[in-house]
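J.:
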Amino acid sequence: MSSSSSLLQQFRQRWPFLALAGVMLLFFWPYFILDFAPYSGDTAFVFVPFHRYIVERLIHGDLPLWNPYLFGGIPAMAEPQYQSWYLPNLLALLTGVPRAVGWLMAFHVLGMGSGTYLFTRRSLNLMRPAALIAALVFALGGCVQSRLINAPYIEAAAWIPWILLAYDYARLKGGAALLWPGALMAQQLCTGAPQYTYYTLLLLPAYHLYRVWGRRHHNSAHDAAALANSGSLDSQQNGRKLAKVPAGWLIFIMAIGLMGLLDAVQLLPQFELASLSARGLHATYAFIVGTPMPARHYFMTLLFPKFWGLFSSMPLDGYIPSVEMGYLGVLSLGLIVAAIIATHPRHVVWFWLLVAGATFILALGDNTPLYHLLYGWVPGFASFRTPAHWLIITTFAAAMLAGFGMQSLLGEKQQARLAARVGLGTSIILVGLGIVILVSPFGASAFQTPQTPYGPWGQIILLALSVACFIPYVFPQRFATSIRWLPAAMLILLTVDLFAVSQDMEMQHTVPVETLEAQPSTVTRLKAAPVAERFWSPQDTLPLEEWQIPGAQFQLSPLEFRTRNAPLLRGLMPSCLAAEFQMRGLTGAWGALMPLRRHAQPIYEANTDWPVKLRWLRLLNVRHYLALRELAQPQLQLESGEQPLIYRDPQALPRAFMVGQANWVDGIEAVQKISGTGFDPHQTVLLERNAEALPTPTAPTATGVMPFTPAQLLADEPEHVVMNVQSPGDGYLVLMDSPFPGWHAQVDGQDKPLQVANWVGRGVAVPAGQHQVEMWFEPPSVRLGLFISLLCLGFTVAFAVANWGRLKANKSALS
């Protein structure tokens, strides 16, 4: 009998996690059952290539410090979205990158739901059905679903509830538990979405104040009795002397310090890259508010999730809806209002309502004056763009409110009836509002964009079903039998609602793993060239509408076109060719801290005309051009008529060459000279007096005129290049690869200063005769960061082991 009771107790404790796992499988079953991989947005075209580059380098025993295949070369481990130090990515070593990306996406959504469930159960004292409501709303709401095209943001968001829970454990347990908030934030930062860590750092002290204030006002006999029976963290502290306020702040400071020290190997190179990036530490105000969220978008997507279209389907209203989908499930709206009116104690509701309101205002960007004020005064605020990302915290706070609304329905009779009446009234109002919107001219948008399988009117039916869910709680005597099963019915309704929204979302667009592991024909054709030279994809610079054209020609949606032509598009996308197949490209995926400011300024300016751009591309060794349609430039020769088309420029310069003349320039002056018609790179190299990336240069020693002499590449590894030159006179060897701190040079084994040459290249003085020139990449920032991280990791493990041993000794003494 005791054995069966124990099994029943274990099942009661674990069935919510089994339910969340089942829901996750419902949403992501193609990844596990059909062996499909995500094929949408940045996940497919940026992060899969990034991870593949890192994994292949690690498999060969190399530390991927430098990626020479994107933007003329970038420091790979300094770029946060490479996720070089994110431990869950080790799964890719076992399963392959495309499969691991899909699995990890599903596992992080499951972790997000599980963490939210545990946080609401143990920290906020919610009952199981209420905690599950909160978990489903946060982990599968529209904000998260619309961000599945960009995996790092989902991975970072999954850590938020776990960090808050770890903070509560640290305040309660002390000892080794003090390490958990910082350790978890260290991994959150390694996901490549540092703005989400920034949001967490702002949420954590606010949550601390809420906990302290709540405990000081948590004195009623009713609240004490409820705590005693809840099994929550609060109940474990009930009757104990509460930690002083400074102790909580100390935990917060310790978390920041531990995160910074553990992540020093990521942060030090990252800050170095940020200082030289086009998307650096303090971006312009116009840049960071580039994608604010119109308020009308958010409020309309609360009722009709795809009212304004999707990122991939001809968005309406002149705005690309990629992060602002506010859909929480129609049932959640009534629960949120019920929580605001009926939940006690009141400070709980007001805190989460304040968090939701404040972050929603921030998501509006420059649509309110607040953002400009914070841009100038709050440290770190100017480092992140896309204000709509604040909606992840809005959604988390809304999920907490929905959970409290469900908790009120499950509470004492008076509170439950009040919550039910409020939820019922709210749902009835929303039904009427939805009908008015759909029958009005304004509602025409809902019928022009892809909707849920049951269409816009199906949303009205869902609202009607939510009305039906509240009625039994208003009349409990009449529905005494059905009330027992109503929480399960509400959870099922919410799951069906959110699952329907997921249809036709980017997460549902998948291709077989073998498709993403196949080598595009473009790679075969380009690698057939006798010398590995750079390519350029003009398609990379075209607006979104250009991607609509090929699909429209075949009466296909953009996503259908992309899915059917996966090999073709992967053979055209510069990030795929460069990072996955190690083809040298000058373009790549714009994101995080890429590209370097030096590349962005002269090459990617929108007003740069073709003759000037061609001058730069030739200087940077761009020999091949890829396109979906014919190019009109007569300077380029069609080399392959197979799609994608490949054009060749016979006048492109080699990557490495010798010149006999060197001139001083000051910074941007080099851009002006190279963009003009008077500069000849065959004869002259421009050296910077005050280069931002390399040591102070020595004076030019080459002033004579000599024939243009290409250099021979003897070794061409990512972090190590060896060249042989036969120079008829004193001159400069120029390698048109990105300059960056940490590159060193030797000529015949003798150290030589490396200088910024021609704005985006490296130069070293070489005397007349035959010489061997070696360049290698050893960034001090990585070396120092690795030392700090390993030292901190050692102290962390030692502290945890010592604390565990002390606890074990105390338990033995007590026994």
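Residues in the sequence shown are numbered from 12 upward in steps of one, following the numbering used here.
Where a beta carbon is used, it is the ideal one built from N, C-alpha and C, also for glycine.
1. Return the CA-CA distance between Ile404 and Asn378, expressed in angstroms with no decimal places.
2. At the level of alpha carbons, what is the spacing between Gln24 and Leu74?
3. Could you say which of Ala111, Pro41, Ile85 lies nearest to Phe58 if we only look at CA atoms?
4. Do Leu607 and Ser288 have their C-beta atoms closer together than 8 Å?
5. Please report the straight-line C-alpha distance between Tyr743 and Ala776, rounded to a whole angstrom.
6. So what does Asn735 bridge to, in DSSP terms?
7. Is the distance from the Cβ of Val148 to the Cβ of Ala374 below 8 Å?
8. List the whole-angstrom C-beta distance separating Leu214 from Met265, where the pair is believed to meet the contact cut-off of C-beta under 8 Å.
9. Asn735: buried (16+ other C-beta within 10 angstroms of its C-beta) or exposed?
10. To the nearest angstrom, how far is the alpha carbon of Phe362 from that of Gly796?
11. Enumerate in chain order the residues of its own chain whose CB-to-CB distance from Phe810 is below 8 Å, with the five nearest sequence positions on each side excluded.
12. Count the other CB atoms, across all protein chains shown, that sit within 10 Å of the CB of Ser125; report buried if there are 16 or more and exposed otherwise.
13. From Met196, Ala177, Ala181, pick the residue whose C-alpha is nearest to that of Ala168; which is it?
14. Name the two residues that bound the continuous alpha helix (DSSP H) containing Gln425.
15. Terminal residues of the continuous beta strand (DSSP E) containing Met411?
16. Helix, strand or coil: which one does DSSP assign to Ile85?
17. How far does the alpha helix (DSSP H) with Ser532 in it extend, from its first residue to its last?
18. Between Val733 and the rest of its own chain, which residues show a CB-CB distance below 6 Å, the 5 nearest in sequence each way excluded?
19. CB Leu3 to CB Ser792, shorter than 8 Å?
20. Determine the contact status of Leu604 and Leu284, defining contact as a CB-CB distance below 8 Å.
21. Check for me: the alpha helix (DSSP H) holding Ser286 runs from which residue to which?
22. What's the C-alpha gap between Gln723 and Met336?
23. Using only the alpha-carbon positions, how far apart do Leu18 and Ala150 sit?
24. State whether the region 127-136 contacts the region 74-86, with contact taken as three or more CB pairs (one from each stretch) at a distance under 8 Å.
25. If distances are taken between C-alpha atoms only, which option among Met747, His731, Gln737, Gly780 comes closest to His755?
26. Express the C-alpha separation of Ala673 and Phe690 in angstroms, rounding to a whole number.
27. With distance defined between alpha-carbon atoms, name the residue in Tyr465, Gln470, Leu435 nearest to Val447.
28. For a quick check, are the C-beta atoms of Gly84 and Ser749 less than 8 Å apart?
29. Rounded to whole angstroms, what is the Cα-Cα separation between Ile472 and Phe510?
30. Does Pro49 come out as helix, strand or coil in the three-state DSSP assignment?
31. In whole angstroms, what is the alpha-carbon distance linking Leu384 and Leu365?
32. I'd like the list of long-range same chain contacts for Ile262, defined as Cβ closer than 7 Å, with 5 residues on each side in sequence excluded.
33. List the endpoints of the continuous alpha helix (DSSP H) containing Trp675.
34. Given this structure, state the Cα-to-Cα distance separating Arg700 from Leu313, to the nearest angstrom.
35. What residue from Gly259, Pro764, Phe43, Leu69 has the CA that sits closest to Arg222's CA?
36. Helix, strand or coil for Ser548 per DSSP?
T.: Quick answer:
1. If you draw a straight line from the Cα of Ile404 to the Cα of Asn378, it comes to about 19 Å.
2. Pairing Gln24 with Leu74, the inter-Cα distance amounts to about 44 Å.
3. Checked all of Ala111, Pro41, Ile85; the closest Cα to Phe58 is Ala111.
4. It is a contact, given that the beta carbons lie within the stated cut-off.
5. Rounded to whole angstroms, Tyr743 to Ala776 spans 5 Å at the Cα level.
6. According to DSSP, which records beta bridges pairwise, Asn735 is partnered with Gln723, Gln783.
7. In this structure, the beta-carbon distance from Val148 to Ala374 does not fall below 8 Å.
8. The beta carbons of Leu214 and Met265 sit about 17 Å from each other, so the pair does not count as a contact at 8 Å.
9. By the beta-carbon neighbour count (other beta carbons within 10 angstroms, threshold 16), Asn735 is exposed.
10. Each residue's Cα considered, the two are about 38 Å apart.
11. Listed in chain order, the non-local C-beta contacts of Phe810 below 8 Å within the same chain comprise Ala187, Leu190, local neighbours out to five positions each way being set aside.
12. Ser125 should be labelled buried.
13. Comparing Cα-Cα distances from Ala168 to each of Met196, Ala177, Ala181, the minimum goes to Met196.
14. In the DSSP assignment, Gln425 falls within the unbroken alpha helix (DSSP H) covering 424-450.
15. Met411 -> not in any beta strand (DSSP E); alpha helix (DSSP H) instead, spanning 402-420.
16. Secondary structure of Ile85 (DSSP, three-state): strand.
17. Unbroken alpha helix (DSSP H) run through Ser532: 532-538.
18. Scanning its chain for C-beta atoms nearer than 6 Å, with the 5 sequence neighbours on each side dropped, one finds around Val733 the residues Leu725, Ala726, Glu785, in chain order.
19. Since the displayed the chain opens at 12 and closes at 826, residue 3 lies outside it and no answer follows.
20. With a cutoff of 8 Å on beta-carbon distance, Leu604 and Leu284 are scored as near each other.
21. Where Ser286 is concerned, the enclosing alpha helix (DSSP H) stretches over 275-286.
22. One C-alpha to the other measures close to 54 Å.
23. Looking at the two C-alpha atoms, the distance is approximately 29 Å.
24. The region 127-136, when compared against the region 74-86, does not touch it at the 8 Å Cβ threshold.
25. Looking at the Cα atoms, His731 is the closest of the given residues.
26. One C-alpha to the other measures close to 12 Å.
27. Considering only alpha carbons, the answer is Gln470.
28. Cβ distance < 8 Å, so Gly84 and Ser749 count as in contact.
29. About 16 Å.
30. The DSSP-derived three-state label of Pro49 is strand.
31. For Leu384 and Leu365, the distance between alpha carbons rounds to 19 Å.
32. Excluding positions up to five away in sequence, the list reads Tyr178, Ala181, Arg182, Leu189, Pro192.
33. Where Trp675 is concerned, there is no enclosing alpha helix (DSSP H), although the beta strand (DSSP E) it sits in stretches over 672-676.
34. Roughly 56 Å between the two C-alpha positions.
35. Distances from the alpha-carbon of Arg222 to those of Gly259, Pro764, Phe43, Leu69 put Gly259 closest.
36. Coil, per DSSP.
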